[in-house]
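**Q**
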Amino acid sequence: MSDTENVNVLVLLGSLRAASINRQLVDLALETAPDGVRLQFFDRLGELPFYNEDIDNDDVAEPVVALRQAAADADAALVVTPEYNGSIPGVLKNAIDWLSRPYGNSALKDKPLAVVGAALGRYGGQWAHDETRKSFAIAGPRVVEDLKLSVPSKAFDGRHPRENAEVAANLRDVIGKLVAETG
Ligand SMILES: Cc1cc2nc3c(=O)[nH]c(=O)nc-3n(C[C@H](O)[C@H](O)[C@H](O)COP(=O)(O)O)c2cc1C
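All residue numbers for the sequence shown refer to full-length UniProt numbering, where the first residue is 1 and numbers rise by one.
(1) So what does DSSP say about V174, is it helix, strand or coil?
(2) Could you tell me the distance, in whole angstroms, from the CA atom of G158 to the CA atom of Y123?
(3) Which value, in whole angstroms, describes the spacing of the CA atoms of A19 and H160?
(4) Could you check the C-alpha separation between A76 and A29 for me, to the nearest Å?
(5) Using a Cβ-Cβ cutoff of less than 8 Å, which residues in the same chain neighbour L16 once the five nearest sequence positions on both sides are dropped?
(6) Please state the DSSP three-state secondary structure of F156.
(7) Please report the straight-line C-alpha distance between A139 and E166, rounded to a whole angstrom.
(8) Apply the 10 Å Cβ neighbour rule to residue 184 and answer buried if 16 or more other Cβ atoms are within range, or exposed otherwise.
(9) In this structure, does DSSP put M1 in helix, strand or coil?
(10) Which value, in whole angstroms, describes the spacing of the CA atoms of L25 and Q126?
(11) Once DSSP output is grouped into helix, strand and coil, what is the label at G89?
(12) Based on Cα-Cα distance, which residue from R23, A95 and V9 lies nearest to L67?
(13) What's the C-alpha gap between L12 and D54?
(14) Using 7 Å as the threshold, is the C-beta distance between L10 and A107 below it?
(15) Can you list every residue whose CB sits closer than 5 Å to some heavy atom of ligand 1, going in chain order?
(16) Thinking C-beta only, is D97 closer than 7 Å to R142?
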């Protein structure tokens, strides 16, 4: 049995769009997870209320409880996101804010986290990915800074990312190295 057996990776997606390219990257991640690694896709970021300290109490909304529980159950996290206006899509930033509390005691505290994704622009969403790393690094997880994958979506040429061997290999590599960080 390898020492990455039974590793649980939380997957978060920064797009709510049904036909999202980044959702397709999540599909690919789920399909190519290394043996023994469980990728747990938390597909409910759109249900979270806007972060508000007034409602972050013992009676916090159920989707927040579910998110924090999924984060607590995870050994690592993979974040897959596009770029909106040069930065982090609001739905993902909101999730980061929920995951950053209780202050100093995030459910992802010290757990390795990697950020990947695709966007239309020629840098493939690099600004959003850099800012997502910056924000999560403040929120509590241990961001693995050198695990990077920012894909210009024209690389897919309208096809599913699983048909792009280079992207599939790079994504598999990121997941493998992220899992190795849990050891
Ligand atoms: C509100 C909005 C802002 C966007 N801003 C950027 C941007 O700053 N950089 C970029 O590369 N693409 C930008 N795009 C294009 C997205 O990269 C493209 O729509 C991408 O497919 C969205 O990801 P998804 O397919 O996973 O939903 C933007 C799209 C929207 C809807």
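In this text, a Cβ means the ideal position worked out from N, Cα and C, and glycines have one as well. Since this is a predicted model, take the numbers as computed values, not measurements.
**A** Let me spell this out:
(1) Numbered from its first residue, the sequence shown carries residue 174 at position 174. Correct three-state label for V174: helix.
(2) By one-based count along the sequence shown, residue 158 stands at place 158. By one-based count along the sequence shown, residue 123 stands at place 123. If I take the Cα positions, the gap works out to 18 Å.
(3) Here residue 19 is taken as the residue at index 19 of the sequence shown, counted from 1. Here residue 160 is taken as the residue at index 160 of the sequence shown, counted from 1. Distance between the alpha carbons of A19 and H160: 10 Å.
(4) Stepping through the sequence shown from its first residue, residue 76 is reached at position 76. Stepping through the sequence shown from its first residue, residue 29 is reached at position 29. Spanning the two alpha carbons is a distance of roughly 14 Å.
(5) Against the sequence shown, residue 16 aligns to sequence position 16. Cβ neighbours of L16 beyond the five flanking positions: L45, G46 and V91.
(6) For the purposes of this step, residue 156 is taken as the residue at position 156 of the sequence shown. Looking at F156 - three-state DSSP - the assignment turns out to be helix.
(7) Here residue 139 corresponds to residue number 139 of the sequence shown, with the count starting at 1. Here residue 166 corresponds to residue number 166 of the sequence shown, with the count starting at 1. Distance between the alpha carbons of A139 and E166: 32 Å.
(8) This structure gives no information on residue 184, because the portion of the chain shown stretches from 1 to 183.
(9) For this step, residue 1 is matched to residue 1 along the sequence shown. Any reading at M1 must be qualified, since the residue scores a pLDDT of 43, below 50, and its modelled position is unreliable; the value itself is stated next. Three-state result, M1: coil.
(10) Reading the sequence shown from its first residue, position 25 is the one you call residue 25. Reading the sequence shown from its first residue, position 126 is the one you call residue 126. Those two C-alpha atoms are separated by around 16 Å.
(11) Position 89 of the sequence shown, counted from the first residue, corresponds to residue 89. Position check: residue 89 holds Pro in this sequence, whereas Gly was assumed. If DSSP states are grouped into helix, strand and coil, P89 belongs with coil.
(12) Translated into positions along the sequence shown, residue 67 becomes position 67. Taking only the C-alpha atoms, the option nearest L67 is A95.
(13) Translated into the one-based positions of the sequence shown, residue 12 becomes position 12. Translated into the one-based positions of the sequence shown, residue 54 becomes position 54. Cα-Cα distance, rounded: 25 Å.
(14) In the sequence shown, counting from the first residue as 1, residue 10 sits at position 10. In the sequence shown, counting from the first residue as 1, residue 107 sits at position 107. No, these two residues do not count as a Cβ contact at 7 Å.
(15) S15, R17, S20, I21, N22, P82, E83, Y84, N85, G86, A119, L120 and G121
(16) Numbered from 1 along the sequence shown, position 142 holds the residue referred to as residue 142. Numbered from 1 along the sequence shown, position 97 holds the residue referred to as residue 97. Against a cut-off of 7 Å, the Cβ pair of D97 and R142 comes out as no contact.
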